[in-house]
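J.: The sequence shown begins at 3 in my numbering and counts up one residue at a time.
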Amino acid sequence: MKLKIAMAAALLAASVQANATLIIDSSTTGRYNAGLGDLASMDGPGGFLLGPNISEGDPTIELASDPGFTFTPEFGADWLAGDYTGGTWSAPGTVIPTSWAVNTETAIVYDFFLDSLSDLTIDVGVDNGIVLWLDGVFLFGATRAGGANINEYDINLSGISAGHHALQILRADHGGGTGYAIEVRAQAVQVPEPATLGLIGLGLAGLIATRRRKQAV
Numbered sequence: 003m004k005l006k007i008a009m010a011a012a013l014l015a016a017s018v019q020a021n022a023t024l025i026i027d028s029s030t031t032g033r034y035n036a037g038l039g040d041l042a043s044m045d046g047p048g049g050f051l052l053g054p055n056i057s058e059g060d061p062t063i064e065l066a067s068d069p070g071f072t073f074t075p076e077f078g079a080d081w082l083a084g085d086y087t088g089g090t091w092s093a094p095g096t097v098i099p100t101s102w103a104v105n106t107e108t109a110i111v112y113d114f115f116l117d118s119l120s121d122l123t124i125d126v127g128v129d130n131g132i133v134l135w136l137d138g139v140f141l142f143g144a145t146r147a148g149g150a151n152i153n154e155y156d157i158n159l160s161g162i163s164a165g166h167h168a169l170q171i172l173r174a175d176h177g178g179g180t181g182y183a184i185e186v187r188a189q190a191v192q193v194p195e196p197a198t199l200g201l202i203g204l205g206l207a208g209l210i211a212t213r214r215r216k217q218a219v
């Protein structure tokens, strides 16, 4: 009986998830904005975007919610909604540099397509800070001292719908050096076929019935 239960569980698990696929890494092209300059004034003294040359220190900060930035004109009309009008954005398909001018901020948009419902894993490292949105919805933001390490931050997202998406990133620096590394993987989540669910259900029902009969004897 234990073997049959294990086989049924394995069949269900195999039908739910497939292998993860790398969809974004440090060589992936996208839209790039290197015309933002120093944005420390965008959220004021003591905010997430720190003053240049480590003038406000080099603290560890992790955002608990969307910082609600009032974006400057260089971001365009509404970059988080895909409207780059009037901004200092590159065309799509631009190589994203892994370093940029010290004491400035830069922004990135990776457009990607999911064939099916998927779970996403985002591994990212940055020197100094980063804020991420998916389709304009805040995901994560943090800054701390040290260089860029791909294992610095790990963000897991479940049940992202099939179709077109945009991963939007703001990179921040407040002195010293800059650096950036990213890997995004998608793992398809497949709804089991009705016939498969039926077979699993019948199998488990049969096991339960057998167990009940044995208990009744």
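Quick reminder that beta carbons are idealized off the backbone N, C-alpha and C, glycines included.
Just to confirm, are GLU76 and ALA174 a CB contact at a threshold of 8 Å?
T.: The residue you call residue 76 lines up with position 74 of the sequence shown. The residue you call residue 174 lines up with position 172 of the sequence shown. No, they are not a contact pair.
J.: Mind checking if ALA93 is an interface residue toward chain B, Cβ cutoff 8 Å exclusive?
T.: You won't find chain B in this structure, because it holds only one protein chain.
J.: CB-CB under 8 Å to THR87, same chain, minus the five flanking residues each way: which ones, in chain order?
T.: Residue numbering aside, residue 87 sits at position 85 when the sequence shown is read from its first letter. These residues qualify, in order along the chain: GLY78 and ALA79.
J.: Please identify the residue among PHE50, ASP68, ALA66 and PRO69 whose C-alpha is closest to the C-alpha of ASP60.
T.: For this step, residue 60 is matched to residue 58 along the sequence shown. Looking at the Cα atoms, PHE50 is the closest of the given residues.
J.: Near VAL133, what residues of its chain come up, given a Cβ to Cβ distance below 6 Å and the 5 sequence neighbours on each side ignored?
T.: Counted from its first residue, the sequence shown places residue 133 at position 131. GLY143 and LEU172, listed in sequence order.
J.: Does DSSP put ASN55 in a helix, in a strand, or in coil?
T.: Counting from one through the sequence shown, the residue named residue 55 turns up at place 53. Three-state result, ASN55: helix.
J.: Would a C-beta distance cut-off of 8 Å place SER118 and ALA190 closer than the cut-off?
T.: Working through the sequence shown from its first residue, we reach residue 118 at position 116. Working through the sequence shown from its first residue, we reach residue 190 at position 188. Result yes, Cβ atoms of SER118 and ALA190 sit closer than 8 Å.
J.: Let's test the definition: count the other Cβ atoms within 10 Å of the Cβ of VAL111 and tell me whether it reaches 16, buried, or not, exposed.
T.: Position 109 of the sequence shown, counted from the start, is the residue given in the question as residue 111. Answer is buried; the Cβ neighbour count reaches 16.
J.: Can you have a look at ASN105 and say buried or exposed, based on whether 16 or more other CB atoms are within 10 angstroms of its CB?
T.: Position 103 of the sequence shown, counted from the start, is the residue given in the question as residue 105. Buried.
J.: Going along the chain, which residues of its own chain have a beta-carbon closer than 8 Å to the beta-carbon of ILE152, five neighbours each way excluded?
T.: Within the sequence shown, numbered from 1, the residue matching residue 152 stands at position 150. Answer for ILE152: ASP125, VAL126, GLY127, ALA183, ILE184 and GLU185, listed in chain order.
J.: Since ARG187 contacts ILE63 with CB under 8 Å, what's their CB separation in whole angstroms?
T.: By one-based count along the sequence shown, residue 187 stands at place 185. By one-based count along the sequence shown, residue 63 stands at place 61. Cβ-Cβ separation between ARG187 and ILE63: approximately 27 Å, too far for a contact (criterion under 8 Å).
J.: Near ASN55, which residues of its chain fall below 8 Å by C-beta distance, leaving aside the five closest residues on each side in sequence?
T.: On the sequence shown, residue 55 is found 53 positions in, with the first residue counted as 1. If we look at ASN55 and ignore the five residues flanking it on each side, its Cβ neighbours are ASN105, HIS176 and GLY177.
J.: Residues bridged to SER120 by DSSP?
T.: Position 118 of the sequence shown, counted from the start, is the residue given in the question as residue 120. Paired residue(s): ILE162 and ALA190.
J.: Does the distance from the C-beta atom of ARG33 to that of SER92 stay below 8 Å?
T.: Taking the sequence shown and counting its residues from 1, the one referred to as residue 33 is at position 31. Taking the sequence shown and counting its residues from 1, the one referred to as residue 92 is at position 90. Going by C-beta atoms, ARG33 is nearer than 8 Å to SER92.
J.: Given a cut-off of 8 Å on the beta-carbon distance, is the pair GLY161 and ASP121 in contact?
T.: Indexing the sequence shown from 1 puts residue 161 at position 159. Indexing the sequence shown from 1 puts residue 121 at position 119. In this structure, ASP121 lies closer than 8 Å to GLY161 by Cβ.
J.: In terms of alpha-carbon separation, which member of ALA83, GLY89, ALA22 and ASN21 lies closest to GLY39?
T.: Taking the first residue of the sequence shown as position 1, residue 39 is located at position 37. Comparing Cα-Cα distances from GLY39 to each of ALA83, GLY89, ALA22 and ASN21, the minimum goes to GLY89.
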